[in-house]
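For reference, the structure is listed below as structure tokens.
Number of protein chains: 2
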Amino acid sequence: MVEERKISSAVVNRLPRYYRYLGELLESGTDRISSKELSEKMNITASQIRQDLNNFGGFGQQGYGYNVEYLYNEIKKILGIDKPYNIIVVGGGNIGQALVNYTNFEKRGFIIKAVFDINPRLIGMTIRGVEVRDVDKMEEFIKNNNIDVAILTLPKAQAVETANNLAEWGIKGIWNFSPVDLDVPKGVSVENVHLTDSLMTLIYKINDISTK
Amino acid sequence: MVEERKISSAVVNRLPRYYRYLGELLESGTDRISSKELSEKMNITASQIRQDLNNFGGFGQQGYGYNVEYLYNEIKKILGIDKPYNIIVVGGGNIGQALVNYTNFEKRGFIIKAVFDINPRLIGMTIRGVEVRDVDKMEEFIKNNNIDVAILTLPKAQAVETANNLAEWGIKGIWNFSPVDLDVPKGVSVENVHLTDSLMTLIYKINDISTK
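If you read the sequences in order, they're chains A and B.
With the working numbering applied, the first sequence has no gaps in its numbers, which climb one by one up to 212 at the end.
With the working numbering applied, the second sequence has no gaps in its numbers, which climb one by one up to 1212 at the end.
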């Protein structure tokens, strides 16, 4: 049961990780797990786990642990991934193509409906059965195909304006791979994957360790 | 000047973002910027900016602002990206190939030296001039080519063991795209890009907004 109060973004960011570990436990045939055992696996404290899950009403019984399948399904519902989502990829370059080819998404109900690009050499091609379409047809496609999410992989120069258009055309979430921070209207969510930032953070850590 | 005390990971995670914004200012010909102006651009408070940069000794003069080029170069040094890094990609699938094709990395001194895979159909191919090599030759290659970083894009089942091997063979940092948390020896840094987790977080945010 999802409560109405605001959940902190730190908790939200941990939810997919819980979901991933519970999925693995389920696959391996584990029925029940204590917060202590889960804590050892996930390398976070048992009290943190209890506190996180209490945000959603708590799912364990003292001394009895969590029912893995039940908890897995509840977190699935909390994340909102108990139903499928229609997705478009905006930008048919290397990253865009790789994401279309990533079959894991489909298994989880993330359905890529089309790729949009301006490059005439790409338009009309299909990637794993998904058609690359002219970016001029994007507004119409979004409106006619109940598209929830856009994966934005455009160069910096085009990303900001396109994001605003996507928001206007009814996109609810932008998964942003463009190396720029987007300023979209309220009601549209953005999650960034800033690859170069991430690699630079790794480089910092390497040097930080080696100077110790 | 980098001080010896430990910088919090929140600050470290913001550094690439400072670097990105300062790079844009530099490109646009801006010489000086106040923490207030930078704050408006970056959408964080001016006091946060001053506090962050004070971790590294501070670079501004009261009432005079920051010298953009100087600050850019100092952050570059702090991040450790004022010198090039030799990188290998482990796993020549979609994501691995996309990363090799991502020319932005090279511009920043991240040099991809080889891709490793077990698939005989891929071995011997080149991707943008980078050869795909047999994973059996990886240990030797790492040792002979002064490789700093491995980009890990293997399926979950192979990722954990491979990460341990990479650590043993002298890799200092693993940029992990595999959907699994790695437990590597001390002295090896890991930075995760868990794509499915990130997409799930976006889905949560979408639903969180729409129920408001």
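Positions of the beta carbon are idealized from the N, C-alpha and C atoms, including for glycine.
- Alpha carbon to alpha carbon, how far is threonine 1201 (chain B) from isoleucine 95 (chain A)? Counting from one through the second sequence, the residue named residue 1201 (chain B) turns up at place 201. Counting from one through the first sequence, the residue named residue 95 (chain A) turns up at place 95. So the two alpha carbons sit approximately 20 Å from each other.
- Task: Starting from serine 47 (chain A), trace the beta strand (DSSP E) both ways and give me its first and last residue.
- Result: For the purposes of this step, residue 47 (chain A) is taken as residue 47 along the first sequence, with counting starting at 1. First-last for serine 47 (chain A): 46-54, but that is the alpha helix (DSSP H), not the beta strand (DSSP E).
- Three-state secondary structure (DSSP) of phenylalanine 1141 (chain B): By one-based count along the second sequence, residue 1141 (chain B) stands at place 141. In this structure, phenylalanine 1141 (chain B) counts as helix in the three-state DSSP scheme.
- Contact under 8 Å by Cβ, valine 1115 (chain B) with glycine 1129 (chain B): Translated into positions along the second sequence, residue 1115 (chain B) becomes position 115. Translated into positions along the second sequence, residue 1129 (chain B) becomes position 129. No, these two residues do not count as a Cβ contact at 8 Å.
- Message: What would DSSP say about serine 39 (chain A), mapped onto helix, strand or coil?
- Response: To locate residue 39 (chain A), count along the first sequence from 1; it is residue 39. In this structure, serine 39 (chain A) counts as helix in the three-state DSSP scheme.
- For valine 149 (chain A) and lysine 113 (chain A), believed in contact at Cβ under 8 Å, the rounded distance: Residue numbering aside, residue 113 (chain A) sits at position 113 when the first sequence is read from its first letter. Residue numbering aside, residue 149 (chain A) sits at position 149 when the first sequence is read from its first letter. About 10 Å; that fails the 8 Å criterion.
- Query: In angstroms, rounded to a whole number, what distance separates the CA positions of proline 1179 (chain B) and tyrosine 21 (chain A)?
  - Reply: Along the second sequence, read from residue 1 onward, the residue named residue 1179 (chain B) stands at position 179. Along the first sequence, read from residue 1 onward, the residue named residue 21 (chain A) stands at position 21. The alpha-carbon atoms of proline 1179 (chain B) and tyrosine 21 (chain A) are separated by roughly 11 Å.
- Neighbourhood of serine 1034 (chain B) by C-beta, 7 Å cutoff - its chain only, sequence neighbours within 5 removed: For this step, residue 1034 (chain B) is matched to residue 34 along the second sequence. Excluding positions up to five away in sequence, the list reads Gly1065.
- Roughly how many angstroms lie between the CA atoms of proline 185 (chain A) and leucine 1025 (chain B), to the nearest whole one? Taking the first residue of the first sequence as 1, we reach residue 185 (chain A) at position 185. Taking the first residue of the second sequence as 1, we reach residue 1025 (chain B) at position 25. Proline 185 (chain A) and leucine 1025 (chain B): Cα-Cα distance of roughly 25 Å.
- Item | 8 Å Cβ shell around asparagine 1086 (chain B) - same chain, five flanking residues per side excluded | Counting from 1 along the second sequence, the entry for residue 1086 (chain B) is found at position 86. Cβ neighbours of asparagine 1086 (chain B) beyond the five flanking positions: Ile1111, Lys1113, Asn1145, Asn1146, Ile1147, Asp1148 and Val1149.
- Query: Taking the DSSP output, what are the residues bridged to phenylalanine 1110 (chain B)?
  - Reply: On the second sequence, position 110 is the one that residue 1110 (chain B) refers to. Bridge partners of phenylalanine 1110 (chain B): B:Tyr1085.
- Could you pull out every residue in the same chain whose Cβ sits closer than 6 Å to the Cβ of serine 1210 (chain B), ignoring the five residues on either side in sequence? Here residue 1210 (chain B) refers to the residue found at position 210 of the second sequence. Confidence at serine 1210 (chain B) is low in this model, with a pLDDT of 48, below 50, so its placement is unreliable and no value can be given for it.
- Item | Nearest-angstrom Cα separation, counted from phenylalanine 1105 (chain B) out to methionine 1125 (chain B) | Numbered from its first residue, the second sequence carries residue 1125 (chain B) at position 125. Numbered from its first residue, the second sequence carries residue 1105 (chain B) at position 105. Near 21 Å, if we compare the C-alpha coordinates of phenylalanine 1105 (chain B) and methionine 1125 (chain B).
- Query: Secondary structure at isoleucine 95 (chain A), three-state DSSP: helix, strand or coil?
  - Reply: Taking the first sequence and counting its residues from 1, one reaches residue 95 (chain A) at position 95. Reduced to three states, the DSSP call for isoleucine 95 (chain A) is helix.
- Message: Against chain A, with Cβ distances strictly below 8 Å, would aspartate 1148 (chain B) count as a contact?
- Response: Locating residue 1148 (chain B) in the second sequence gives position 148, counting from the first residue. Chain A contact via Cβ: present.
- Query: So what does DSSP say about aspartate 208 (chain A), is it helix, strand or coil?
  - Reply: Along the first sequence, one-based indexing puts residue 208 (chain A) at 208. Three-state DSSP puts aspartate 208 (chain A) in a helix.
- Closest residue to glycine 1248 (chain B) among B:Ile1007, B:Ala1046, B:Ile1081 and B:Glu1139 (Cα-Cα distance): Missing from the structure shown is residue 1248 (chain B); chain B here goes from 1001 to 1212 and no further.
- Near-chain B residues of the segment 189-203 of chain A - C-beta to any C-beta below 9 Å: Ser189, Val190, Glu191, Asn192, Val193, His194, Leu195, Thr196, Asp197, Ser198, Leu199, Met200, Thr201, Leu202 and Ile203
- Query: What residues of chain B sit near lysine 214 (chain A), judged by a beta carbon separation below 7 Å?
  - Reply: Any property of residue 214 (chain A) remains undetermined from this structure, which presents chain A solely from 1 to 212.
- Taking Cβ-Cβ distances shorter than 8 Å, what residues in chain A pair up with glutamine 1097 (chain B)? Mapped onto the second sequence, residue 1097 (chain B) falls at position 97. Chain A residues near glutamine 1097 (chain B): Asn94 and Ala98.
- Query: For isoleucine 1118 (chain B), does the three-state DSSP call read helix, strand or coil?
  - Reply: Reading the second sequence from its first residue, position 118 is the one you call residue 1118 (chain B). Correct three-state label for isoleucine 1118 (chain B): coil.
- Message: Run through the DSSP bridge pairs and tell me what aspartate 134 (chain A) is partnered with.
- Response: Within the first sequence, the letter at position 134 stands for residue 134 (chain A). Residue pairing by DSSP places aspartate 134 (chain A) opposite A:Asp117 in a beta bridge.
- Task: Determine, using beta carbons only, whether glutamine 995 (chain B) and alanine 98 (chain A) come nearer to each other than 8 Å.
- Result: With chain B covering only 1001 through 1212, there is no way to say anything about residue 995 (chain B).
- Query: Which residues mark the beginning and the end of the beta strand (DSSP E) in which serine 1189 (chain B) is found?
  - Reply: The sequence position of residue 1189 (chain B) within the second sequence is 189, counting from 1. Following the DSSP letters along the chain, one finds serine 1189 (chain B) inside the beta strand (DSSP E) bounded by residues 1189-1192.
- Query: In three-state DSSP terms, what is leucine 1152 (chain B)?
  - Reply: Numbered from its first residue, the second sequence carries residue 1152 (chain B) at position 152. Residue state, collapsed to three classes: strand.
- Contacts that tyrosine 85 (chain A) makes with chain B (C-beta to C-beta distance below 7 Å): Counting from 1 along the first sequence, the entry for residue 85 (chain A) is found at position 85. Those within 7 Å of tyrosine 85 (chain A) in chain B are Ile1203.
- Message: Does asparagine 165 (chain A) come out as helix, strand or coil in the three-state DSSP assignment?
- Response: Position 165 of the first sequence, counted from the start, is the residue given in the question as residue 165 (chain A). Asparagine 165 (chain A): helix per DSSP, three-state reduction.
- For the beta strand (DSSP E) holding glycine 1023 (chain B), just list the boundary residues, first then last. Start at 1 with the first residue of the second sequence, and residue 1023 (chain B) comes out as number 23. Here glycine 1023 (chain B) belongs to no beta strand (DSSP E); instead the alpha helix (DSSP H) covers 1009-1027.
- Task: Starting from the beta carbon of leucine 166 (chain A), find every residue of chain B whose beta carbon is closer than 7 Å, and list them in chain order.
- Result: On the first sequence, position 166 is the one that residue 166 (chain A) refers to. Under the 7 Å cutoff, chain B gives no residues; its nearest Cβ is about 13 Å from leucine 166 (chain A).
- Leaving out five residues on either side along the sequence, give the residues of the same chain with a beta carbon under 6 Å from the beta carbon of serine 1189 (chain B). Translated into the one-based positions of the second sequence, residue 1189 (chain B) becomes position 189. Answer for serine 1189 (chain B): Gly1173, listed in chain order.
- Nearest to threonine 196 (chain A) by alpha carbon, out of B:Asn1207, B:Ile1007, B:Leu1079 and B:Arg1133? For the purposes of this step, residue 196 (chain A) is taken as the residue at position 196 of the first sequence. Among B:Asn1207, B:Ile1007, B:Leu1079 and B:Arg1133, the Cα nearest to that of threonine 196 (chain A) belongs to B:Leu1079.
- isoleucine 33 (chain A) bridges to which residues according to DSSP? Along the first sequence, one-based indexing puts residue 33 (chain A) at 33. Its beta-bridge partners are A:Tyr66.
- Message: According to DSSP, simplified to helix, strand and coil, what is threonine 1103 (chain B)?
- Response: As a working mapping, residue 1103 (chain B) is identified with position 103 in the second sequence. In the structure shown, threonine 1103 (chain B) sits in coil (DSSP, three-state: anything other than H, G, I, E or B).
- With 9 Å as the limit, tell me which residues of the segment 98-123 of chain A have their beta carbon closer than that to any beta carbon of chain B; keep them in chain order. Ala98, Leu99, Val100, Asn101, Tyr102, Asn104, Phe105, Arg108 and Phe110
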